[in-house]
Amino acid sequence: MIEVTDLHKSFGANQVLRGVSLRVEKGTTFVILGGSGSGKTVLMKHVIGLLRPDKGSVRVAGVDITGLEGKELTEARRMFGMVFQKSALFDSMTVLENVAFPLREKDRSLSTRDLRERVIAKLKVVDLAENVLPLYPSELSGGMQKRVALARAIIHEPPVVLYDEPTTGLDPITTDYVDEMIVQAKERLGVTSMVISHDIASSFKVADRLAVLYDGAIAAQGTPEEVRRSEHPHVKKFLSLWFEKQ
Amino acid sequence: MQKLLAAFDDFGQMLFFGLDTLRWAVRRPFRPNLVLQQMAAIGVGSVFIVSTTAFFSGMVLALQANYAMRQLGAEGYVGGSVAISLARELSPVLTALFVIGRSGSAIATELGTMRVTEQIDAMETMAVNPVQYLVVPRLLAAVMMFPFLTMLFNALGYLGAYLMATYVAEIPEGPLLEHTRTFVNPDDILHGLLKSLIFAAVVAIITCWRGYAATGGARGVGEGTTRAVVVSSISILLVDTAFVLLTVGSGR
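Set out below in structure tokens:
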């Protein structure tokens, strides 16, 4: 579904990605695990076409999105739904308006009633009831905001959902709630998911496959079990702290 | 030196941002609802502050003009001199400065907050151009509302001046109105309105850019808002001087 090949990106003298290659199969969850400054956010921005690589390509559903511009890029972006680190809900809009936003912008002929019904259906998928519709993001808990953000990301039924640090800054219970949400989204909707995270526990919980990014390159890649057995010194160090705690 | 280069770089980026806004302004989809919302926020929301400023400015201008003119025995010219000062200079400039304080700061804060909380990035990933969705309506609303507010300033400023001149300074109403008519041409009012259109574009682009380009957290938004107010206020004064030099010149 997503194929990243030999991706390079520098900002000035700072080389952020040094030849990243990975493959995400349809209907699976792929986690990119890495510490701060490992280049994972930059990698994700390439996947959705917010950044252009210096070298290499990103193919999504067979389409090379690295060379796209204007309308073609806009169309390609409709293949994605993205859940941001701090949810990034529009704080001047209600839950209904937030979730309906991508759909309303895609098809401006949809009636208000139609939009409302589709929003309610998607809220059900993320286990939220109709009573949140008139609320503003500031009136929701962190976990609920994440669910609304996911509902907004999947409202136009994209084949791919991207999660940017979905559990950063959340308490353990809410983290668990969000992990569950990611697993359920895959099971209920059959979407392909790509998660970037530095949260080892969450990553191992939600991933079908994962890659550890270190200094702009992939240090280990495979199933959670394969990555756990990696002999790469950074991966061992990165994972050991957490596994020792368990 | 590095700071100077950074300032030039920022200025260049802002110019591109302005051009980008113009490019998106003529592209579909048009969003009249968003423009109306911004017209209410920038225009209707500023009516109170603009009216109050105008009324009081008109009143004190009349008294000051009366103080000066009475020494020449020319107090009949108070209405005309106040009206021409308002129409050509004070209404467009003071309106712009007060709208910057009230709405320009709000624009920079709102867009800055949206930037640092990734709401603008989110919009982009939803295949919606943020410049078209957020900046174009604010530019169009400003361009439509600045002349309206300037006219309001003209009217209430003159009303304040008229009341002070006739009731406090006891200038006879006849010469006051007569000299206003002979002094002030439609061209003077148009001169002020044309300036207000230019000010609107300058204020909208600068305040939107400072929000749009905000970085960091709450502090970045605060700095962006302060710069939005300072840079747009100074820009208004510079543009005004340039406009007057170009249109009126030395008057010789």
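Chains as they are written, first to last, in my numbering: chain A, 756 to 1001; chain B, 1052 to 1303. The beta-carbon is built from N, C-alpha and C at its ideal position, and this holds for glycine as well. All figures in this text were calculated on a predicted structure; none of them were measured in a lab.
C-alpha gap between residue i and residue j, whole angstroms
{"i": "B/Q1183", "j": "A/S847", "result": "17 Å"}
{"i": "B/A1255", "j": "B/Y1263", "result": "12 Å"}
{"i": "B/L1289", "j": "B/T1160", "result": "24 Å"}
{"i": "B/I1135", "j": "B/I1285", "result": "23 Å"}
{"i": "A/Q900", "j": "A/A940", "result": "15 Å"}
{"i": "A/L870", "j": "A/L858", "result": "8 Å"}
{"i": "B/S1154", "j": "A/G790", "result": "41 Å"}
{"i": "B/G1127", "j": "B/S1283", "result": "37 Å"}
{"i": "B/Q1089", "j": "B/S1097", "result": "11 Å"}
{"i": "A/P927", "j": "A/K879", "result": "24 Å"}
{"i": "B/Q1115", "j": "B/S1108", "result": "10 Å"}
{"i": "A/G774", "j": "B/F1062", "result": "35 Å"}
{"i": "B/N1236", "j": "B/P1181", "result": "43 Å"}
{"i": "B/M1202", "j": "B/N1117", "result": "24 Å"}
{"i": "A/K795", "j": "A/D882", "result": "29 Å"}
{"i": "B/E1169", "j": "A/S995", "result": "33 Å"}
{"i": "B/L1087", "j": "B/Y1213", "result": "34 Å"}
{"i": "A/A816", "j": "A/I757", "result": "6 Å"}
{"i": "B/P1080", "j": "A/K861", "result": "11 Å"}
{"i": "A/V938", "j": "A/V961", "result": "6 Å"}
{"i": "A/S985", "j": "A/E999", "result": "16 Å"}
{"i": "A/E830", "j": "A/G804", "result": "11 Å"}
{"i": "B/R1078", "j": "B/N1084", "result": "16 Å"}
{"i": "B/D1291", "j": "B/V1144", "result": "8 Å"}
{"i": "A/D809", "j": "A/G767", "result": "11 Å"}
{"i": "A/W997", "j": "A/K841", "result": "24 Å"}
{"i": "B/R1082", "j": "B/F1067", "result": "22 Å"}
{"i": "A/T929", "j": "B/V1187", "result": "38 Å"}
Under 8 Å between C-beta atoms of residue i and residue j
{"i": "B/M1215", "j": "B/A1113", "result": "yes"}
{"i": "A/L788", "j": "A/I955", "result": "yes"}
{"i": "B/G1146", "j": "B/V1101", "result": "Looking at the sequence provided, one finds Thr at residue 1146 of chain B rather than Gly. Yes, Cβ-Cβ distance for B/T1146 and B/V1101 is below 8 Å."}
{"i": "B/T1176", "j": "B/V1272", "result": "no"}
{"i": "A/F856", "j": "A/R778", "result": "no"}
{"i": "B/A1011", "j": "B/T1258", "result": "As displayed, chain B neither begins before 1052 nor continues past 1303, which places residue 1011 of chain B out of reach and without an answer."}
{"i": "A/V771", "j": "A/V797", "result": "yes"}
{"i": "A/N853", "j": "A/L865", "result": "no"}
{"i": "A/T783", "j": "A/V950", "result": "no"}
{"i": "B/A1057", "j": "B/V1167", "result": "no"}
{"i": "B/F1294", "j": "B/S1247", "result": "no"}
{"i": "A/L917", "j": "A/M799", "result": "yes"}
{"i": "A/T947", "j": "A/V933", "result": "no"}
{"i": "A/A972", "j": "A/H987", "result": "no"}
{"i": "B/F1106", "j": "B/L1207", "result": "yes"}
{"i": "A/V990", "j": "A/V903", "result": "no"}
{"i": "B/S1142", "j": "B/F1204", "result": "yes"}
{"i": "A/I909", "j": "A/L944", "result": "yes"}
{"i": "B/R1189", "j": "B/I1151", "result": "no"}
{"i": "A/P979", "j": "A/L965", "result": "yes"}
{"i": "A/M936", "j": "A/L905", "result": "yes"}
{"i": "A/K833", "j": "A/T821", "result": "The sequence given here has Arg at residue 833 of chain A, not Lys. Not a contact, by the Cβ cut-off of 8 Å."}
{"i": "A/S812", "j": "A/T867", "result": "no"}
{"i": "B/V1111", "j": "B/M1120", "result": "no"}
{"i": "A/D970", "j": "A/S765", "result": "no"}
Assigned exposure category for residue i - 16 Cβ within 10 Å defines buried
{"i": "B/Q1122", "result": "exposed"}
{"i": "B/M1174", "result": "buried"}
{"i": "A/D819", "result": "exposed"}
{"i": "A/E920", "result": "buried"}
{"i": "B/Q1305", "result": "Missing from the structure shown is residue 1305 of chain B; chain B here goes from 1052 to 1303 and no further."}
{"i": "A/K877", "result": "buried"}
{"i": "B/L1148", "result": "buried"}
{"i": "B/D1172", "result": "buried"}
{"i": "B/L1296", "result": "exposed"}
{"i": "B/S1132", "result": "buried"}
{"i": "A/S958", "result": "buried"}
{"i": "B/Q1053", "result": "exposed"}
{"i": "B/L1137", "result": "buried"}
{"i": "A/A884", "result": "exposed"}
{"i": "B/G1211", "result": "buried"}
{"i": "B/Y1218", "result": "exposed"}
**Asked** Residue ranges of each alpha helix (DSSP H) run of no fewer than 4 residues wholly in the segment 1134-1201 of chain B, ordered along the chain?
**Response** Listed in chain order, the complete alpha helix (DSSP H) runs (minimum 4 residues) inside the segment 1134-1201 of chain B are 1142-1150, 1156-1167 and 1170-1176.
**Request:** Kindly provide the ranges of any alpha helix (DSSP H) runs that are 4 or more residues long and lie completely inside the segment 813-884 of chain A, ordered along the chain.
**Result:** As far as the segment 813-884 of chain A is concerned, its whole alpha helix (DSSP H) runs of at least 4 residues are 825-832, 850-861 and 867-880.
**Request:** Report the residue ranges of all alpha helix (DSSP H) runs contained in full by the segment 1258-1282 of chain B; include only those spanning at least 4 residues, in chain order.
**Result:** Segments of the alpha helix (DSSP H) lying fully in the segment 1258-1282 of chain B: there are none.
**Request:** Count the CB pairs spanning the segment 1084-1095 of chain B and the segment 1184-1193 of chain B that are closer than 8 Å, and state whether there are at least three.
**Result:** Pairwise C-beta distances place the segment 1084-1095 of chain B in contact with the segment 1184-1193 of chain B, as three or more of them are shorter than 8 Å.
**Request:** Please determine if the segment 887-895 of chain A and the segment 818-838 of chain A are in contact, where contact requires at least 3 C-beta pairs separated by less than 8 Å.
**Result:** With a cut-off of 8 Å, the segment 818-838 of chain A and the segment 887-895 of chain A do not count as touching, because too few Cβ pairs lie within range.
**Message:** Assess contact between the segment 1220-1228 of chain B and the segment 1238-1253 of chain B, defined as three or more Cβ pairs (one per stretch) separated by less than 8 Å. Is contact present?
**Reply:** Because the criterion of three Cβ pairs below 8 Å is not met, the segment 1220-1228 of chain B and the segment 1238-1253 of chain B do not touch.
**Request:** Could you name each continuous beta strand (DSSP E) segment of 3 residues or more that falls completely within the segment 880-942 of chain A, going from the start of the chain to the end?
**Result:** Within the segment 880-942 of chain A, the complete beta strand (DSSP E) runs of at least 3 residues are 915-919.
**Asked** Along the chain, which unbroken stretches of the beta strand (DSSP E) at least 3 residues long are found entirely within the segment 962-991 of chain A?
**Response** Qualifying beta strand (DSSP E) stretches, in chain order: 964-969 and 972-977.
**Request:** Kindly provide the ranges of any beta strand (DSSP E) runs that are 3 or more residues long and lie completely inside the segment 1199-1252 of chain B, ordered along the chain.
**Result:** Complete beta strand (DSSP E) runs here, min 3: none at all.
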